[in-house]
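Novice: Residue numbers (this note's numbering), protein chains in the order written: chain H, 206 to 531; chain Z, 410 to 745.
The beta-carbon is built from N, C-alpha and C at its ideal position, and this holds for glycine as well.
Here the structure is a predicted model, which means the values were calculated and not measured.
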Amino acid sequence: MSEKLLDVKNLVVNFKMRSGEVTAIDNVSFSLLKGEKFGLVGESGAGKSVTGFSIIKLISKPGYIKSGEILFKNNDLAKLDYESIRKIRGNRISMIFQDPMMTLNPVLTIGTQMIETLMAHKNISKSEARKIAVEKLKKVHIPSPEKRLEQYPHEFSGGMRQRIIIAISLLTDPELIIADEPTTALDVTIQAEIMELLLQLCDSMGMGLILITHDLAVVSQVTDRMAVMYAGKIIEEGNTLEIIENPKHPYTEGLIAALPESASTKEKLNQIPGNMPGLGKIPEGCSFHPRCTKMMDICLTEVPELKEYKKLHRKISCHLYNEKEQ
Amino acid sequence: MPETPLLEVKGVYKHFDISGGFLDKLSFEKGKPYLNKTYVKAVNNVSFDINTGETFSVVGESGCGKSTLGRSIIGLYKINRGEIHYSGKRIDNLSEKQMLVYRKKMQMVFQDPYASLNPRKNIKSILTAPLKFHFPDLSASEINDKASEVLELVGGDTAWFKRLPHEFSGGQRQRISIARSLIVDPEFIVADEPISALDVSIQAQIINLLIDAQNKKGLTYLFVAHDLSVVEHISDKVMVMYLGTICELADTKTLFSDPKHPYTKALFSAIPKLGKPLAKHIPLEGEVPTPINLPSGCVFHGRCRHANERCKTEVPALIEKDGRKIACHGVEEGRI
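(1) Would you mind working out which of I459(Z), L444(Z) and E596(Z) sits nearest K513(Z), comparing C-alpha positions?
(2) Grab me the residues of T413(Z)'s own chain with a C-beta within less than 8 Å of its C-beta, minus the 5 sequence neighbours each way, in chain order.
(3) Would the beta-carbon of C491(H) fall within 8 Å of that of P509(H)?
(4) Let's see if you can read the secondary structure: which residues bound the beta strand (DSSP E) around I230(H)?
(5) Could you tell me which of L435(Z), E438(Z) and V421(Z) sits nearest to Y486(Z), measuring between CA atoms?
(6) Can you tell me where the beta strand (DSSP E) with Y435(H) in it begins and where it stops?
(7) Ignore the nearest five residues each way along the sequence and tell me which others in F425(Z)'s own chain have a CB closer than 7 Å to its CB.
(8) Let me know the secondary structure DSSP gives E442(H) once reduced to three states.
(9) For P692(Z), which residues in chain H fall below 7 Å Cβ to Cβ?
(10) Cα separation between I487(H) and A251(H)?
(11) By how many angstroms is the C-alpha of T394(H) removed from the C-alpha of P692(Z)?
(12) According to DSSP, what are the bridge partners of T308(H)?
(13) Skipping 5 residues on each side, what residues in its chain have a beta carbon closer than 8 Å to that of T722(Z)?
(14) Hey, would you say I643(Z) sits closer than 8 Å to I620(Z), going by beta carbons?
(15) Which term fits G225(H), buried or exposed, when burial requires 16 or more other beta carbons within 10 angstroms of its beta carbon?
(16) Cα separation between K343(H) and P350(H)?
(17) Using a Cβ-Cβ cutoff of less than 6 Å, which residues in the same chain neighbour M324(H) once the five nearest sequence positions on both sides are dropped?
(18) Could you please give the first and the last residue of the uninterrupted alpha helix (DSSP H) stretch that includes H642(Z)?
(19) Go ahead and pull the three-state DSSP assignment for S590(Z).
(20) So, does the CB of P305(H) fall closer than 8 Å to a CB anywhere in chain Z?
(21) With a cut-off of 8 Å on the beta carbons, I'd call V455(Z) and I655(Z) a contact; round off their distance for me.
(22) Quick one: what's Y495(Z) bridged to in DSSP?
(23) Compile a chain-ordered list of the residues in the segment 446-457 of chain H whose CB is closer than 9 Å to at least one CB of chain Z.
(24) What separation, rounded to the nearest whole angstrom, lies between the Cα atoms of T461(Z) and L416(Z)?
(25) Is the separation between the beta-carbon of G413(H) and that of E274(H) shorter than 8 Å?
(26) Indicate whether L562(Z) and A622(Z) have their beta-carbon atoms separated by less than 8 Å.
(27) DSSP three-state call for P465(H): helix, strand or coil?
(28) Mapping the DSSP letters down to three states, classify N475(H) as helix, strand or coil.
(29) Looking at the C-beta of K473(H), does it have a partner C-beta in chain Z at a distance below 8 Å?
(30) Take T457(H) and list the residues in its own chain whose beta-carbon comes closer than 8 Å to its own, dropping the five residues that flank it on each side.
(31) For T661(Z) and chain H, any beta-carbon pair shorter than 8 Å?
(32) Taking 8 Å as the threshold (C-beta atoms), are I301(H) and I261(H) in contact?
(33) Going by alpha carbons, who is nearest to N279(H) out of N328(H), T445(H), D304(H) and L237(H)?
(34) So with Cβ pairs under 8 Å, would you call V433(H) a contact of chain Z?
(35) Quick one: which chain Z residues come within Cβ less than 7 Å of P350(H)?
(36) Which stretch, first to last residue, makes up the beta strand (DSSP E) that contains M517(Z)?
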């Protein structure tokens, strides 16, 4: 068995609000092997971005990691202080954010931003840093990279900016990339291009990828394994294609049936009634029970645990499944 | 005699003047001053018909002019050239007062349900405002009945009346804005990306609602969207736009099963498909050119693998071929 790159155990992230403390991430555990591509899927407010951010401790006040471990190569990131986490963040673990218009500094050239990143993490000269920057820009297919280094972000289109951001995240040859909705702000032809590039780079450089997205189609094309999140919890986790083809949790099932691809033209789509509960308003028992079509009495009172079902080949947190399938 | 289409759009152009103030326009050539004007050519020579009861979708990437087209049809923008006919009568040159009759029949649903509802008005006054404006003779109880009726149709209830927009989620707000457009009993609705700001499970609710309303009231939709899987699901006809012009127009089945235009092909090949490996999509070279200086000839020629000399100089006409309307020299000549 290949070694574990990242192992998140019982992560709890709370936010201290004026009205009291709310739990955004409730006991989330998942792990990632070396070079594996993992998808975190869910609707807005499910906690997928907060999970991604807390891996590199990008959670700022009023949020904090209340408990749990984030083992990155057996090193617990959750316990690291500010200075030590900075040596890992942007160096061994990189992050790609959603909006390429917002992530680059508009008053610095691309070159300055790339060289700055390199020199912050590596003990190298400016000319060496420049060489690496050019090489990485070539990797993401930016034509004439030497010239492009002197240009400002506004001189690039959205798709090119996202490619530059990928190049920046690659600068230090990280072992893990966390991509938070990297193509949501882009057009579909550019999305296809960026996803193909990201996939090809991960494979050729042996990097791990955590892809955070709401788009089930994208996740199904890119990742090996995925976890579906709902109201701060993972409710189903397993092989991506197996989940897409045969979802077991009623929420995953509903989500996939709600896609227009799942119904024939002009027919009504399967809809999940209601909305995801807000933080602090999470219902008792199973948090999905008010919207669930298969609700039972036990769901009202008892919180289901995420358990491994060997026969079903995945982890599910739902009372529908019992020991027989384990 | 064939039935007159509900909406006929004939050779419409919409250009936006972005030249700014006097000093911005002023320039000198050979010592002589003259005023320079800059235009964004958002929509160029677009023609199509929509029949009663149809769902007609306009798709394309950001900046292709699909939203401008939708807004021009409803009269939010004055078009520069061309004609728009609604049930056989020309409406693009009408005065505000003459247009009122049509405003009742044509309604719009906007993309962002957070921006399209007045945050300081309660749901009842948001819903009833169009009714009070268009039907000033109605009594208070009639207005009330009508508002409850449309709210029920979209899955809300009268308890919502006294609440303010911020108390609702995105999906609920979009229901309210759909209810607001339905309250005057329109025949035709322009929906500008009505679901792209919403989550998947909520998207399905709104799509079902739109299909329901169409079945119950015989509505005609002009649906502006970029999400192709949604478009494939709900539309009768689909029109693909690129840089302000029509590439291809056909009924949904024909277009999705057998796209012909090189741009349509590239666009469709990029749609991520559930549970299928990352398909070899057709890459497009370069970027979308600016609509200020449109390329000569076919606007797509700079990014097209099949472009030849003719494509660079001659603008392709929208011709009928293989059961569709298409603007491409290559398809016309039979080389694609």
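Specialist: Taking the coordinates as given:
(1) E596(Z)
(2) S496 and G497
(3) yes
(4) G225 to L238
(5) V421(Z)
(6) R430 to Y435
(7) Y448, V449 and A451
(8) strand
(9) E398
(10) 11 Å
(11) 8 Å
(12) None, per the DSSP bridge assignment.
(13) S705 and G706
(14) yes
(15) exposed
(16) 6 Å
(17) A334
(18) L637 to I643
(19) helix
(20) no
(21) 6 Å
(22) L416(Z) and K498(Z)
(23) L446, I449, E450 and Y456
(24) 8 Å
(25) no
(26) yes
(27) helix
(28) coil
(29) yes
(30) V433, I440, E441 and I448
(31) yes
(32) no
(33) L237(H)
(34) no
(35) Result: empty, since nearest Cβ-Cβ is about 17 Å, beyond 7 Å.
(36) M515 to V518
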